[in-house]
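Protein chains in written order, with my numbering: chain A, 171 to 426; chain B, 171 to 426; chain C, 171 to 426; chain D, 171 to 426; chain E, 171 to 426; chain F, 171 to 426; chain G, 171 to 426; chain H, 171 to 426. Note that CB positions come from ideal geometry on N, CA and C, so glycine has one too. One structure below.
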């Protein structure tokens with residue numbers, strides 16, 4: 171399926187009508203039946219790859235090991251590679267490997283990649299973080315971006331309370347085509363970086379902190395209210411989402 | 171100043187030290203003194219243009235007519251063009267025009283542009299909105315993007331409660347290089363568009379609605395929790411910010 | 171358009187393909203172009219009537235008098251009747267009437283009905299309210315239900331702090347096929363009614379009250395947490411929505 | 171008791187007064203003493219069946235195994251069947267079975283049914299969900315509706331980020347007499363379905379998601395602010411409540 | 171009606187059944203029909219006086235002058251006195267007086283009393299406030315308590331930031347039978363008073379303050395979390411409610 | 171100390187000054203040194219008994235077994251009886267008993283009473299609850315009131331969704347001198363009871379429920395916004411506080 | 171009164187007891203009667219000057235012109251100078267001046283100073299702000315600090331989105347003995363300054379901004395979660411409080 | 171590194187340019203490279219000691235034992251002493267000691283100090299707390315202040331519900347140069363202390379309490395709204411931050 175072309179299929183259907191091979195009535199229903207696979211508990215969306223340039227990503231949390239296995243095997247059968255499985259434990263990763271699935275697992279990011287196909291990494295995405303404790307979110311972003319074929323540079327623990335740490339990396343920041351700014355607590359990192367560079371900044375608030383941090387709300391609001399231009403925000407702890415968007419941006423080609 | 175080059179200036183300073191024209195001690199202080207203009211009540215930041223490829227944008231709200239006039243005149247003196255002044259009333263616009271400032275004013279967007287220099291509009295940014303009531307936010311985004319040199323297509327009133335309205339525009343959506351999705355109430359538009367396209371979507375929650383809408387929180391949370399990939403979010407009603415980010419993305423050139 | 175049939179139209183299109191009158195390629199695009207009218211600022215959705223058994227409802231708030239007038243005239247041109255326009259002022263109503271629009275206006279509900287076609291009122295919907303102050307929301311629900319062809323009984327000011335007021339109306343309550351329970355403050359009315367009857371109860375929290383009422387949040391949470399079965403909730407002050415749902419339920423026919 | 175008739179009993183009491191068998195004074199008190207059973211820790215409400223067409227439902231959470239057992243046995247003694255026990259663990263179910271209670275247990279829904287009496291399933295209720303992770307809430311709704319005698323169709327994992335998955339099921343959706351839309355995260359499913367169908371939609375926000383999902387608030391607000399008509403909302407994760415309301419609606423008979 | 175006796179009336183009804191003057195069926199319905207007056211927009215609850223020892227209180231906000239007038243006249247017709255009308259403006263008071271209603275108006279409290287009957291004031295209720303700005307809430311409480319026949323002592327502007335102001339009044343505080351503690355901002359007054367006395371303290375948070383005061387939430391939470399025993403809380407700015415409860419307590423008689 | 175008299179002590183001090191036995195300077199400091207005991211980690215407040223008619227109550231949560239033991243022993247040494255220790259586990263109770271402390275423990279209420287002295291129970295306090303799950307909060311209130319010398323009647327599981335359960339107990343309700351209304355979920359019980367009786371009602375929101383219950387906020391707001399007069403509120407789950415206030419009220423004597 | 175000495179007065183009272191001029195009983199009561207002035211609506215606290223080194227500050231909001239006049243005149247009578255009156259309008263200031271009160275009024279800060287006595291300004295307090303729009307809060311802080319006798323340096327519009335503006339002022343920042351950091355929106359200024367200096371930073375969140383700024387909550391949370399050491403926070407828009415605390419710190423003398 | 175001098179280093183660099191030993195271009199980059207150590211997962215900030223008079227403090231939470239060990243050893247290598255490690259368990263402390271790190275551990279405060287160097291303790295900081303349960307936060311503040319060289323006095327369990335406990339310690343309070351007021355629940359302690367003293371008060375809300383305490387929000391809001399002057403606030407449970415600020419203030423020297 172991922173090798174076929176969606177538009178062609180629909181045209182083929184319309185031509186079958188044109189050719190009288192199928193009645194208009196029947197086509198009406200078929201027309202809306204899209205090429206996804208029904209596993210009973212999950213509809214795998216093979217169109218997404220066509221529409222978005224990346225295959226289905228599996229959100230592992232709240233899924234059983236068996237469910238994940240079935241989804242992955244089904245996707246591998248279709249010839250898909252570089253299948254990202256987010257938020258899975260080492261235990262789940264071990265299980266998948268024991269089932270002969272070719273899986274790489276990144277424990278800090280709790281991220282698995284089935285059938286990883288090394289590819290050229292282009293452009294430059296910088297992942298910057300405020301503190302050591304944000305590392306799992308950072309790595310989710312970084313590895314997502316790498317798997318999607320981007321060159322990634324990590325700048326960790328460059329929080330704004332020690333500004334020189336960040337300023338000393340300005341040469342790297344200005345070369346980036348997209349920056350993912352990961353920070354908990356007061357979330358000021360996104361604004362300060364946003365003021366230093368001219369590329370888009372994707373801000374990821376994290377739930378790191380305590381007290382009036384309120385599980386990341388503090389950083390989230392701070393980032394949404396950023397007085398720097400060029401900063402947009404994703405959900406709390408959503409490293410994958412930020413890495414994905416940074417990849418979309420980094421891989422842009424010149425407008426014609 | 172806007173015509174000079176920041177890096178060169180600093181090199182020149184360091185060379186003056188090297189040449190003995192200025193002492194190391196004096197250079198230490200000068201090095202951090204940046205080329206902004208102090209008007210007493212406002213420090214105009216001419217570096218931002220250098221760093222971010224766009225001149226200072228004036229946030230008009232909470233500023234007096236006199237303050238805005240002084241800032242604009244100061245910027246025009248430096249040779250700047252296309253100065254955006256957001257959130258100003260018709261009254262303020264009329265005042266600025268009466269002071270011989272070359273100003274275009276867009277009343278729906280409450281947006282002024284001083285010394286508008288028509289330029290080529292490239293690529294394609296789509297501004298989609300859920301309802302007629304979101305139009306002021308949409309226009310702030312659309313005009314910002316146009317002034318920054320992007321081609322803009324407006325898809326207004328394509329909310330998801332009448333899905334066919336949106337689906338009938340799919341041919342435009344898929345051509346976009348960046349989409350700004352503006353919606354109040356339940357904010358589902360961003361997610362639905364995010365599922366249909368492969369370019370980055372910048373979601374703008376609006377304060378339109380009533381009751382449990384809570385001034386835009388409902389749409390904001392909805393957009394942050396979007397299950398579609400590629401969606402990032404800006405502040406409630408922040409049309410300018412979304413238009414600015416969409417412009418950064420649309421104007422990306424291929425990575426080398 | 172409202173007299174035509176959506177399904178037939180699509181079949182006709184497919185038959186044109188079958189007949190060779192139109193190419194498959196062209197049909198592909200047309201297929202998704204739906205029969206709504208583009209007024210520039212608003213896409214009127216004529217399909218909704220087909221899909222939902224009621225014409226487009228105009229949410230009047232945040233629209234100019236001119237915009238409302240254009241939308242109404244456009245709808246009347248299509249032969250639509252009983253066009254509800256919610257949240258409009260007496261001033262707007264007077265304007266529409268001055269434009270020769272056949273409009274009835276209910277000032278307490280801030281509701282207008284263009285080209286009201288008296289119809290038989292069937293079944294029974296009860297609108298119950300906690301206090302006199304909730305009357306505008308109640309009337310929005312009641313008139314909506316009446317215009318949609320339902321018999322409506324109003325039980326106002328039967329708040330639970332004087333339980334006998336409500337209990338004395340039990341004979342009416344048990345005859346209802348759907349009940350709209352409107353209450354601000356502590357919102358207990360929905361739960362008490364929910365415990366007394368066997369039909370669905372649609373709860374409408376209102377913003378009436380003060381202090382820790384928080385603009386209706388108190389009643390909203392109370393209703394969502396109702397320990398009575400059969401109670402569902404709509405947005406704060408959303409009388410129209412509740413009247414609409416009650417109408418859908420009251421007009422149900424026996425399952426075959 | 172469930173075989174007797176409440177109204178008749180009260181009439182009988184009043185006739186005893188009329189016959190002089192009981193004094194007016196004594197009747198005054200008796201009149202308000204209703205036929206519920208006092209177990210010390212719980213008052214079982216046998217009237218509810220009369221009033222609402224379904225027996226007492228036991229909310230299992232926060233009750234001990236012994237308390238649940240006593241309530242169930244007491245109800246079975248009265249001849250009740252199809253007793254729903256929500257939110258109980260497998261362990262509790264096993265205990266009840268070990269006490270010779272005829273119990274069916276649905277582990278995904280954490281739902282038990284004592285003395286299940288197979289009955290004809292009529293009409294059609296559709297349970298649609300945004301993702302695999304919402305399945306426990308969905309099943310609570312689905313089984314509740316089935317036990318109450320409704321035909322149920324499950325459409326799981328049809329979230330709006332892959333719109334074609336939902337659109338391909340439109341033929342089922344339009345046949346439904348009531349739809350339960352279950353979704354976490356941004357909760358857009360309820361609005362999109364609400365725009366596609368003409369029957370009442372009961373929206374169930376779920377606590378599935380993370381970050382700014384805030385345990386279901388995001389989906390709750392999204393659903394309350396739905397721009398689609400016909401959508402009402404129940405409490406977060408309240409599958410039982412939604413299934414119950416859908417049943418009330420599906421079993422409506424034509425108004426006379 | 172207020173001179174009759176509720177219990178007697180019901181007995182009379184039951185005796186009519188016993189005497190054969192009325193059928194049991196008819197009595198069944200009548201039994202729940204209570205002696206309130208239906209004005210169309212308001213059900214005046216004459217039972218409340220019987221049940222609660224005070225006539226209906228009119229919540230004036232959101233009612234029109236005409237509505238209030240009709241309710242008051244209806245109540246005066248029944249022979250009621252000391253009718254409290256809360257939250258009305260001077261303008262409304264003037265209107266009522268112009269309609270020959272015997273009304274006293276307290277402008278600071280925005281409170282009217284129709285047909286005020288001077289009575290003996292017994293016991294002692296103290297109304298203490300944190301600052302001058304809380305005075306309208308204080309006076310609503312004080313006058314309510316006075317009209318209900320209690321002796322009231324006012325201790326205004328004794329906030330805890332100047333503790334000696336409060337401590338110097340300790341002799342009055344310890345004589346009180348109930349204390350209403352009114353405070354905005356940090357609301358500490360209730361706790362400090364609660365620690366000094368042995369009578370019940372009714373705490374009234376006010377919306378006075380700014381910033382993180384959030385319209386009284388700060389004081390409300392502070393009072394709910396009071397570490398002093400004997401403190402209970404009413405709604406923000408609810409002076410009437412606090413005065414009413416203090417009156418109930420002050421008028422308690424010794425248990426037999 | 172509890173046998174001495176606070177006022178006398180201070181007078182004695184002042185007389186020592188008058189007699190020249192102590193200098194004015196020294197008296198100045200002593201005057202503010204109150205008779206509490208410093209245990210290093212806790213200042214036991216023996217004055218409270220004098221001021222409030224009940225000894226220090228020990229809030230057991232967050233205290234170690236050893237700390238509680240030391241505080242209790244110290245109080246027993248002073249001759250105190252009926253020492254309430256709230257929120258302690260069976261394990262802590264067992265430990266205290268093993269240390270030869272004369273303790274009664276109520277496991278449902280998690281409440282211990284050291285040296286319980288049976289006393290006459292006067293008046294009547296009713297503890298009413300919405301559901302079985304609120305029982306621990308109810309029992310904390312009930313036992314507190316009993317230990318303080320009040321007669322207590324328990325009405326459990328009389329939630330408003332089955333109104334007749336509550337109405338059948340009206341004869342008990344109207345005899346109460348104070349009522350504690352305990353309810354989670356939508357908290358309507360307090361309002362309904364408040365409308366039925368003329369005594370003060372102390373409302374206790376509980377954290378029982380799920381979803382939009384938000385740990386008791388829903389019931390708390392509902393109770394604060396009660397449209398019934400005479401209802402005041404204590405903190406979520408604060409059974410002790412409510413029982414204590416009900417006791418203060420029940421034990422009021424007639425004003426002289 | 172302000173010239174007398176509190177301690178001496180109390181000693182004098184105790185000596186009167188010692189001398190037999192006053193009975194111990196009478197002294198007991200007097201002892202707690204403190205030297206504040208009761209104006210009926212306000213208790214002026216002359217002790218505060220003794221306790222806190224500054225006279226009573228009048229919070230002007232919610233007070234009538236007449237009330238403010240009376241309080242000021244009363245204070246001037248006592249010989250007080252430098253009386254701060256916060257949050258008053260130009261109109262109120264004009265009124266006070268028209269009453270022959272020697273008043274200076276700062277319109278941006280909405281602050282009046284009665285009988286301003288020029289004094290030496292010592293040390294250094296820096297007031298830094300993120301944007302022009304925060305100026306009223308800044309000036310309230312700055313003038314408060316100046317009136318209290320501190321040297322003040324203003325650094326306005328040095329927000330972190332243009333970091334060089336702030337860094338160029340580092341020489342002033344490091345000389346400060348206390349810094350007031352005023353910022354709305356994302357409030358990052360406090361953290362960045364906190365990382366650059368070693369003196370205490372008092373952070374003032376402002377309500378400037380829009381959307382998810384929520385009237386200053388965003389900046390408040392950001393500042394409370396600051397990852398920089400030495401930062402404490404005052405209420406939203408509380409310029410006076412911050413200026414006052416900065417003054418306390420700046421005027422510290424070396425510990426002995 | 172801590173023995174060197176930051177300014178000198180930069181001058182040396184500039185002199186190298188002046189001497190021709192390094193090119194201006196190279197100096198440009200070096201100039202911003204600050205003396206921090208990169209451990210891969212953490213950038214230790216040795217400049218902070220220079221800027222803020224205290225070495226890097228390690229926030230232990232969310233760091234592994236191995237990470238903490240590496241950071242500590244690296245800091246000890248640089249000759250640092252008195253390294254504070256906050257929020258670590260006894261287990262982590264034991265591990266560090268087992269690795270031959272000279273560590274003192276305070277279990278109540280969960281605080282470790284590596285290479286503690288006894289120093290003279292000057293001035294006076296008072297740590298006051300509302301209840302025994304706040305002790306861990308208090309001790310974090312107290313030990314932080316002691317390690318930084320301040321004399322500390324602890325006043326625990328002096329909550330305002332028993333005011334005399336606090337008043338009896340007034341002689342200690344008035345001697346303090348800075349006070350840390352730690353309180354949960356209603357947080358009134360900070361305001362009452364703020365009204366009694368003239369030194370700065372740093373308020374620490376704690377998460378101690380239950381119900382509407384909301385994990386410390388209640389106390390936080392109470393403290394932010396304090397009506398006493400001189401009170402500023404830190405994050406919930408942030409004992410370290412408060413002790414640090416109190417130390418900055420206590421160690422102030424007289425302005426010259």
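Please confirm whether residue i and residue j have their CB atoms less than 9 Å apart.
i, j, result
"residue 406/E", "residue 389/E", "yes"
Which whole-angstrom value is the C-beta distance of residue i and residue j, which I expect to be below 8 Å?
i, j, result
"residue 420/D", "residue 348/D", "5 Å"
Can you look up residue i in the DSSP assignment and give me helix, strand or coil?
i, result
"residue 217/F", "Confidence at residue 217/F is low in this model, with a pLDDT of 44, below 50, so the placement of that residue should be treated as unreliable; the coordinate-derived value is given next. Here residue 217/F sits in helix by DSSP."
"residue 236/E", "helix"
"residue 412/A", "helix"
"residue 292/G", "strand"
Taking only the alpha-carbon atoms, compute the straight-line gap between residue i and residue j and give it to the nearest angstrom.
i, j, result
"residue 355/F", "residue 384/C", "18 Å"
"residue 285/C", "residue 344/D", "29 Å"
"residue 267/B", "residue 273/B", "6 Å"
Within the continuous beta strand (DSSP E) that includes residue i, where are the two ends?
i, result
"residue 323/C", "320–325"
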